[in-house]
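Novice: Before I ask anything, here is the structure I am working with.
There are 2 protein chains.
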Amino acid sequence: MSRGIDLPTSMGYLLKEAASALRAAMEEVLRPLGMTITHYSCLELLAQRPGSSNSELARGAFVTRQSMNVLVHGLERDGYVSRPAEAAVGKVLPARLTPRGRQSLAAATAAVRSVELRMLSGLTPAERSTAFAALQSMTRALRAGPG
Amino acid sequence: MSRGIDLPTSMGYLLKEAASALRAAMEEVLRPLGMTITHYSCLELLAQRPGSSNSELARGAFVTRQSMNVLVHGLERDGYVSRPAEAAVGKVLPARLTPRGRQSLAAATAAVRSVELRMLSGLTPAERSTAFAALQSMTRALRAGPG
DNA sequence: CGACTCATGTCAGCATCCTGACATAGCGTC
DNA sequence: GACGCTATGTCAGGATGCTGACATGAGTCG
Chain A
1 MSRGIDLPTS MGYLLKEAAS ALRAAMEEVL RPLGMTITHY SCLELLAQRP
51 GSSNSELARG AFVTRQSMNV LVHGLERDGY VSRPAEAAVG KVLPARLTPR
101 GRQSLAAATA AVRSVELRML SGLTPAERST AFAALQSMTR ALRAGPG
Chain B
1 MSRGIDLPTS MGYLLKEAAS ALRAAMEEVL RPLGMTITHY SCLELLAQRP
51 GSSNSELARG AFVTRQSMNV LVHGLERDGY VSRPAEAAVG KVLPARLTPR
101 GRQSLAAATA AVRSVELRML SGLTPAERST AFAALQSMTR ALRAGPG
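Chains as they are written, first to last, in the UniProt record's numbering: chain A, 1 to 147; chain B, 1 to 147.
Dropping the structure here:
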């Protein structure tokens with residue numbers, strides 16, 4: 001089919017490839033639970049930072065406020081999260097997990113953890129920490145801007 | 001604003017974070033050239049594998065055949081790539097870069113290369129190859145499936 | 001206090017990409 | 001040659017996410 005020419009051996013392409021594979025694997029294990037990756041990300045963020053605002057969740061899940069807004073509304077409608085009807089102070093509506101949301105998250109977390117373990121199965125602890133530091137360095141350098 | 005609680009320190013989150021930062025940085029440098037990431041990816045793939053089919057390009061750019069199809073039609077309309085009107089054999093329409101496409105790609109490649117260099121600026125050659133191998137291992141393990 | 005800046009929530013419109021489905025061509029097997 | 005399997009190109013429909021814009025509230029500085 002293809003002439004077997006070398007695919008791009010750039011770190012950028014490899015990073016995209018790994019992220020794509022991770023995304024596919026996570027979708028695969030979350031689908032049986034009736035959740036999407038964004039669903040899970042939102043719940044996981046709320047578990048770690050209860051009372052987060054919509055905008056904070058959006059930044060944590062790498063989406064816009066608007067997208068996260070419709071998602072949170074859906075989660076609220078389905079009883080996974082709860083928000084006060086009106087802002088106690090300012091315009092921020094702090095969201096929290098409901099018991100149902102916490103229960104749903106527990107199953108999802110287990111599934112995602114298994115994916116992450118599989119992803120790291122071929123690496124020694126030393127290699128893992130090196131890769132971890134390298135990814136942190138890359139993210140920092142990219143965020144620094146062109147200057 | 002936030003209580004400064006530790007953000008997820010999982011490799012998966014970090015991978016997504018790095019890929020997101022890379023995407024943002026690439027969009028930033030490609031926008032002045034009037035190109036999107038998918039545009040660039042398609043042209044780069046065609047430069048490395050001339051005569052690729054639409055489906056091959058889709059796999060290489062991590063999108064569906066349908067999405068790549070509309071993209072290639074646009075690139076063909078704008079004179080960046082050329083495809084035969086009818087398939088010489090089978091249904092495959094092999095695409096090739098036009099001189100204009102090659103010229104446009106050259107500028108984009110330079111811009112993307114600068115982003116990649118910035119991304120790797122904080123890493124030693126040894127760290128780079130270790131990270132490269134780690135990403136390859138992670139991708140392989142994820143693609144292997146749950147079994 | 002008044003003006004300015006910033007962050008947030010929200011609305012409307014649009015672009016992008018995907019899922020599902022279909023017909024067709026090549027390939028291998030019998 | 002007939003059949004099944006795979007891959008490709010294409011069409012229609014819908015879900016998802018983003019850009020642009022607006023009003024409001026909080027904090028800051030003169």
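Idealized CB from N, CA, C, for every residue including glycine.
These figures come from a predicted structure and were not determined experimentally.
List, in order along the chain, the chain A residues whose C-beta lies closer than 7 angstroms to that of Gln136 of chain B?
Specialist: In the second sequence, counting from the first residue as 1, residue 136 of chain B sits at position 136. Result: Leu14.
Novice: Less than 8 angstroms between CB atoms is the rule here; does Gly34 of chain A satisfy it with respect to chain B?
Specialist: If you number the first sequence from 1, residue 34 of chain A lands on position 34. Closer than 8 angstroms: no.
Novice: Quick one: which chain A residues come within Cβ less than 9 angstroms of residue 182 of chain B?
Specialist: It is not possible to answer for residue 182 of chain B, since the shown part of chain B is limited to 1 through 147.
Novice: Under 7 angstroms, CB to CB, which of the residues in the region 79-110 of chain A have a partner in chain B?
Specialist: none
Novice: Classify Thr41 of chain A: buried if its beta carbon has 16 or more other beta carbons within 10 angstroms, exposed otherwise.
Specialist: Here residue 41 of chain A is taken as the residue at index 41 of the first sequence, counted from 1. Thr is not the amino acid found at residue 41 of chain A; the sequence shown has Ser there. Burial call: buried.
Novice: I'd like to know whether the C-beta atoms of Thr98 of chain A and Ser82 of chain A end up nearer to each other than 8 angstroms.
Specialist: Translated into the one-based positions of the first sequence, residue 98 of chain A becomes position 98. Translated into the one-based positions of the first sequence, residue 82 of chain A becomes position 82. A contact, by the Cβ cut-off of 8 angstroms.
Novice: Compute the Euclidean distance between the alpha carbons of Met119 of chain A and Arg143 of chain B, then round it to the nearest angstrom.
Specialist: The residue given as residue 119 of chain A occupies position 119 in the first sequence. The residue given as residue 143 of chain B occupies position 143 in the second sequence. When rounded, the distance between both Cα atoms is 9 angstroms.
Novice: In angstroms, rounded to a whole number, what distance separates the CA positions of Pro50 of chain A and Arg96 of chain A?
Specialist: Here residue 50 of chain A is taken as the residue at index 50 of the first sequence, counted from 1. Here residue 96 of chain A is taken as the residue at index 96 of the first sequence, counted from 1. Going from the Cα of Pro50 of chain A to the Cα of Arg96 of chain A covers about 6 angstroms.
Novice: At the 8 angstroms Cβ level, is Arg68 of chain A part of the contact set with chain B, yes or no?
Specialist: Working through the first sequence from its first residue, we reach residue 68 of chain A at position 68. Inspection of the sequence shows that residue 68 of chain A is occupied by Met rather than by Arg. Taking Cβ atoms only, chain B never reaches closer than 8 angstroms to Met68 of chain A, which makes this a no.
Novice: Could you tell me the distance, in whole angstroms, from the CA atom of Ala131 of chain B to the CA atom of Ala47 of chain B?
Specialist: Taking the first residue of the second sequence as position 1, residue 131 of chain B is located at position 131. Taking the first residue of the second sequence as position 1, residue 47 of chain B is located at position 47. Distance between the alpha carbons of Ala131 of chain B and Ala47 of chain B is about 26 angstroms.
Novice: List the DSSP bridge partners of Gln82 of chain B.
Specialist: By one-based count along the second sequence, residue 82 of chain B stands at place 82. Here residue 82 of chain B is Ser; the residue named in the question, Gln, does not match the sequence. Beta-bridge pairing links Ser82 of chain B to B:Arg96.
Novice: So what's Pro50 of chain B in DSSP terms, helix, strand or just coil?
Specialist: Taking the first residue of the second sequence as position 1, residue 50 of chain B is located at position 50. It is coil, neither helix nor strand.
Novice: Strictly under 8 angstroms for the Cβ-Cβ distance: is residue 179 of chain A near chain B by that measure?
Specialist: Here chain A has residues from 1 to 147 only, and residue 179 of chain A is not among them.
Novice: Verify the CB distance criterion: does Arg143 of chain A have a CB-CB separation below 8 angstroms to chain B?
Specialist: Within the first sequence, the letter at position 143 stands for residue 143 of chain A. True, the Cβ-Cβ gap to chain B drops below 8 angstroms.
Novice: Check whether the Cβ atoms of Ala111 of chain A and Leu45 of chain A lie closer than 8 angstroms to each other.
Specialist: Sequence index remark: in the first sequence, residue 111 of chain A carries index 111 (1-based). Sequence index remark: in the first sequence, residue 45 of chain A carries index 45 (1-based). No, they are not a contact pair.
Novice: Return the residue from the list A:Ser53, A:Leu30 and A:Tyr13 that minimises the CA-CA distance to Gly90 of chain A.
Specialist: Numbered from 1 along the first sequence, position 90 holds the residue referred to as residue 90 of chain A. It is A:Ser53 whose Cα lies nearest to the Cα of Gly90 of chain A.
Novice: Which residues in chain A have a C-beta closer than 8 angstroms to the C-beta of Leu22 of chain B? List them in chain order.
Specialist: By 1-based counting over the second sequence, the position of residue 22 of chain B is 22. What Leu22 of chain B touches in chain A: Gly12, Leu15, Lys16, Met138 and Leu142.
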